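Report on the structure given below.
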Amino acid sequence: MSEPKLQARRLPQLREGLALKRSVRIAFFILLSLGGSMLRLPLPTGPVALETFPGYLAALVYGWLDGGLVAGLSHLLVAAVGGFPLGVWLHLLAALQMALWAACFWYINDRVGLLTGIIAITILHSLVSVVYTLPIWNMVMFSGLLLPLAIAAAVNLFLAGLVFRLAAGKKTGR
6 MSEPKLQARR LPQLREGLAL KRSVRIAFFI LLSLGGSMLR LPLPTGPVAL
56 ETFPGYLAAL VYGWLDGGLV AGLSHLLVAA VGGFPLGVWL HLLAALQMAL
106 WAACFWYIND RVGLLTGIIA ITILHSLVSV VYTLPIWNMV MFSGLLLPLA
156 IAAAVNLFLA GLVFRLAAGK KTGR
């Protein structure tokens, strides 16, 4: 009796397997973000949801593209579940910004470091993300959104950085 021969996977099959794995990973992080939107940490400025944490974590672990996809698509999903309270167009703009901030977080972490990335993206996420609302709302609304968004961004970025560092420490055996 002869042994059965193993067939090597062809390149198209390999690509399909990798694409499926990546799609499942992105879907998992998006659903994790939906769950995080329901977890709210009580703070004096108002509750902080953990909805952006998975997008930032995906950016650190899997790169700027996957992180950007998770951050942008998860923002749209969370906003859709909430009934698009600011309107569809503002949430589309916010989703693009979230994707951009996740990509920037990966880039700054890769080039400069994690702490610098957390500080820079906290500023971008809170200050720059609210600037586009000035023509629509007024300065009172702008100033009212600034502190809660800064705290929410800092908490989500810190948690993503912490999980990333803990996972990296276990992977290298430290």
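Residue 6 is where the sequence shown starts when you use this note's numbering, and the numbers rise one by one after that.
Even glycine gets a Cβ: it sits at the ideal position worked out from N, Cα and C.
Just so it is clear, the structure is predicted and the values come from calculations on it, not from any experiment.
Residue i versus residue j - alpha carbon distance
i: Ser124; j: Ala107; result: The identity of residue 124 in the sequence shown is Ile, whereas the question assumes Ser. Between Ile124 and Ala107, the C-alpha separation is close to 13 Å.
i: Ala100; j: Leu152; result: 20 Å
i: Lys26; j: Gly72; result: 15 Å
i: Leu98; j: Leu167; result: 28 Å
i: Trp94; j: Val83; result: 15 Å
i: Ala157; j: Gly174; result: 26 Å
i: Pro181; j: Glu21; result: The question about residue 181 has no answer, for the chain in this structure spans 6 to 179.
i: Gly68; j: Val145; result: 37 Å
i: Val117; j: His96; result: 30 Å
i: Phe89; j: Gly149; result: 19 Å
i: Leu74; j: Phe33; result: 12 Å
i: Tyr137; j: Ala24; result: 36 Å
i: Gly92; j: Leu39; result: 19 Å
i: Arg179; j: His80; result: Bear in mind that the predicted position of Arg179 carries a pLDDT of just 43, short of 50, making it unreliable; the figure below should be weighed with that in mind. Each residue's Cα considered, the two are about 35 Å apart.
i: Phe169; j: Pro52; result: 24 Å
Of the residues the options, the one placed nearest residue i, counting alpha carbons only
i: Leu154; options: Leu139, Val145 and His130; result: His130
i: Gln134; options: Ala104, Ala85 and Arg45; result: Position check: residue 134 holds Ser in this sequence, whereas Gln was assumed. Looking at the Cα atoms, Ala104 is the closest of the given residues.
i: Leu78; options: Leu65, Leu44 and Tyr61; result: Tyr61
i: Leu230; options: Leu98, Val136 and Leu119; result: Since the first and last residues shown for the chain are 6 and 179, residue 230 lies out of range.
i: Leu161; options: Ile141, Val93, Ile128 and Gly174; result: The amino acid at residue 161 is misidentified as Leu; the sequence shows Asn. With distances taken between Cα atoms, Asn161 lies closest to Ile128.
i: Glu56; options: Leu48, Leu36 and Tyr67; result: Leu36
i: Ala76; options: Ile31, Pro47, Val93 and Val145; result: Ile31
i: Pro59; options: Ala173, Gly174, Lys175 and Phe163; result: Phe163
i: Val29; options: Trp142, Ala54, Ala63 and Pro52; result: Ala63
i: Leu65; options: Thr121, Thr138, Trp142 and Tyr112; result: Tyr112
i: Gly41; options: Pro49, Ala54 and Pro47; result: Ala54
i: Leu48; options: Ala165, Ala159 and Phe147; result: Ala159
i: Leu70; options: Phe110, His80 and Phe147; result: Phe110
i: Val86; options: Thr121, Met43 and Gln102; result: Met43
Residue interval of the alpha helix (DSSP H) (run including residue i)
i: Trp142; result: Run containing Trp142: none; DSSP gives neither H nor E here.
i: Pro59; result: Phe58 to Tyr67
i: Phe110; result: Val93 to Arg116
i: Leu120; result: Leu119 to Ile128
Collapsed DSSP secondary structure at residue i in the structure displayed
i: Gly178; result: Low per-residue confidence applies at Gly178: pLDDT is 47, beneath 50, and the placement is therefore not dependable, though the value from the model is reported in the following sentence. In this structure, Gly178 counts as coil in the three-state DSSP scheme.
i: Leu46; result: strand
i: Val133; result: helix
i: Val160; result: helix
Residue i Cβ short of 6 Å to the ligand GDP heavy atom set
i: Gly166; result: Of the ligands one can find in the structure shown there are none, so the ligand GDP has no counterpart to examine.
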